[in-house]
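Comments concern the structure below.
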Amino acid sequence: MRITSLLADSQVQLLMPPAVRYRCVIFLLLLVSWGVVAASLWDGWGAMALLNWVGVVFGGITGIMVSLPRSWQPWRLAELGWDERHIYLLNGNKDEALALPRSQLVALERERRVGHDGQWLDFSLDLQLSEEQLAAAMALLDLKAGELHLVSPSVYRFGFKRAWHGRRMLAQRLSNLQAA
């Protein structure tokens, strides 16, 4: 399943960066990167020094990467989506989603925790998965067997670190997930 097909459905909620703020940040990155290129060229007009070349190369690479249309899509950074019947695990880089029935949601932990690799997790889901669903989720999220947290038999904890919202907004969005 594709994330772009989920975007067309108004019932699906995706936990992704707020579009206006995200695009403002991307626009500022674009201005700064091309500004660095222009300033480096202006400063090195007579004779380009090493610092000028560094500004041109790295500013240009950053400017090109930010200029690509895929950089302007906030859904590419989404990790989780849901509607009344399903929970969707997402991989924006691949534009793929895995639909799991809502009945497989065992628990929603909204406390911030430290994950197994030392990163802060904003929230986590405990999902009851069959072997096939677990293999599909691991392939989608590019996880290895050692990166999974087994809560109880066939119940696995998935942590999410890129919530993109403040604590109150995140609590409000997740209450919609927990309520239904």
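Positions 0 to 179 (numbering that gives the first Met the number 0) are the ones given, in order, by the sequence shown. Yeah, the Cβ is synthetic: ideal placement off N, Cα and C, and Gly gets one too. From a predicted model like this one, the values you see are computed outputs, not experimental measurements.
Do residue i and residue j have their C-beta atoms closer together than 8 Å?
i	j	result
W74	M168	no
A252	L5	Summary: the structure shown does not reach residue 252, with the chain confined to residues 0 through 179, and so no result is reported for it.
L88	L99	yes
If residue i sits next to residue j, beta carbons under 8 Å apart, how far is it from one beta carbon to the other, in whole angstroms?
i	j	result
A136	L128	7 Å
D121	K160	6 Å
Can you name, in chain order, every residue of its own chain whose Cβ lies under 8 Å from the Cβ of residue i, other than the five neighbours on each side?
i	result
A38	G54
V65	I25, L28, L29, S32
Measure the alpha-carbon distance for residue i versus residue j and round it to whole angstroms.
i	j	result
L176	H85	10 Å
Y21	G62	16 Å
S32	A106	43 Å
A134	I60	36 Å
Between the Cα of residue i and the Cα atoms of the options, which residue gives the shortest distance?
i	options	result
H164	N51, L6, I2, A77	A77
G158	R166, Q171, P152, L142	L142
P68	E146, N51, I25, Y87	I25
Q171	L124, R109, L147	R109
S102	D125, Q10, G45, N90	D125
Go through its chain and collect everything with a Cβ distance to residue i's Cβ below 7 Å, but skip five positions before and after it.
i	result
D42	N51
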